[in-house]
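Have a look at the structure below before the remarks.
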Amino acid sequence: MGVVNVTPDSFSDGGLYLDAEAAVAHGARMAAAGASILDVGGESTRPGAKPVDAREELRRVLPVVERLAASGHTVSVDTAKLEVARAALDAGASIVNDVSAFRFEPRLAELVAEHGARCCLMHMLGEPRTMQEDPRYGDVVAEVRAFLEERLAFALARGVPEASVWLDPGIGFGKTVEHNLELLRRLDEIVAIGRPVVVGTSRKSFLGRLAGGRAEGERLPGTIATNVLALERGASIFRVHDVAPVADALRVAAATVAP
Ligand code: HH2
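So the mapping is simple: our numbering equals the position in the sequence shown, first residue as 1, plus 184.
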């Protein structure tokens, strides 16, 4: 899954693809490099990012979703807003990637069911504005697993078929470095829920810290290491900014994992 951020303020590529033309070209390049899904987002979720209203989010993502879908790409829309998800699905997106897992807008579940779309439900502690203020868990893996099971049950109760749901432990969303590491170490416990698992470690700050202080653009080695290990532990979908090198690494790693 290649990341297409149509935002001025995303943590690692904010402002680079704000223009629809540039975002579409970037998406097409990632598809050519091996991305089978393009995840288009119009609102940054980094701590402290400025909230965006639905009108502005739509203005950013809709032309990009439309054009990428029209060119035959599988498009997911990274949003927690009903209006944005509805317009994106009508414009050809087929997956809703909701970092709030239908908590902020429960009616997203019915929308996904009505459209026969797929969805990615992600764990986040609270909301983006405050999630990194001293996050605490008893057992982070057990709590994230219980949350994802509850959100999966919610989606099913609203009519989303089980086969349409992917789950994501939400690396970096209300987690310390140690929480992120524990989730990656014990990813098999999230995979054991029985749905495809999405992981998003790409360029995230814990990788910079672990490597001794690396800026966003210097976190590719950490991104590759964590995605390869996540593959070995059963993850199925890898949300990344640097598609070509990660796709190569995953192909090689996959060839060494027992079928
Ligand atoms: N991470 C980000 C955004 N959306 N969706 C899923 N399913 N999993 C993730 O880990 C995830 C996500 C944050 O990364 P990015 O989009 O690059 O940054 P920003 O939120 O600043 O736009």
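For glycine and all other residues, C-beta sits at the position ideal for the given N, C-alpha and C.
Keep in mind that this is a model prediction, so the values were computed, not measured.
According to DSSP, is residue i helix, strand or coil?
i, result
"R213", "helix"
"D432", "helix"
"G225", "strand"
"V188", "strand"
"V441", "coil"
"V424", "strand"
"A204", "helix"
"A297", "helix"
So residue i is in the alpha helix (DSSP H); what residue range does that whole segment cover?
i, result
"R329", "V324 to A341"
Between which two residues does the beta strand (DSSP E) containing residue i stretch?
i, result
"L305", "R302 to M306"
Report the start-end ranges of each beta strand (DSSP E) in the stretch 224 to 293 that is 3 residues or longer and not cut off at the edges.
The stretch 224 to 293 contains these whole beta strand (DSSP E) runs: 259 to 262 and 279 to 282.
- [ ] Scan the stretch 346 to 417 and note each continuous beta strand (DSSP E) run of 3 residues or more that stays entirely inside, going in chain order.
- [x] 349 to 352
Inspect the CB distances between the stretch 232 to 241 and the stretch 250 to 258 and report whether three or more fall short of 8 Å. The stretch 232 to 241, when compared against the stretch 250 to 258, does not touch it at the 8 Å Cβ threshold.
* To do: Examine the Cβ distances between the stretch 186 to 195 and the stretch 416 to 429 and report whether three or more of them are shorter than 8 Å.
  => yes
Should the stretch 387 to 394 be called in touch with the stretch 335 to 348, which here means at least 3 C-beta pairs below 8 Å?
Under the Cβ criterion (8 Å, minimum of three pairs), the stretch 387 to 394 does not count as touching the stretch 335 to 348.
Exercise. May I ask you to verify whether the stretch 266 to 273 touches the stretch 239 to 246, counting CB pairs closer than 8 Å and requiring at least 3?
Key: yes
Within 8 Å, do at least three Cβ pairs link the stretch 288 to 299 to the stretch 365 to 380?
no
Count the CB pairs spanning the stretch 271 to 282 and the stretch 320 to 330 that are closer than 8 Å, and state whether there are at least three. No contact exists between the stretch 271 to 282 and the stretch 320 to 330.
Notebook entry, point to check: Can at least three beta-carbon pairs, one atom from the stretch 307 to 321 and one from the stretch 353 to 362, be found at a separation below 8 Å?
Noted result: yes
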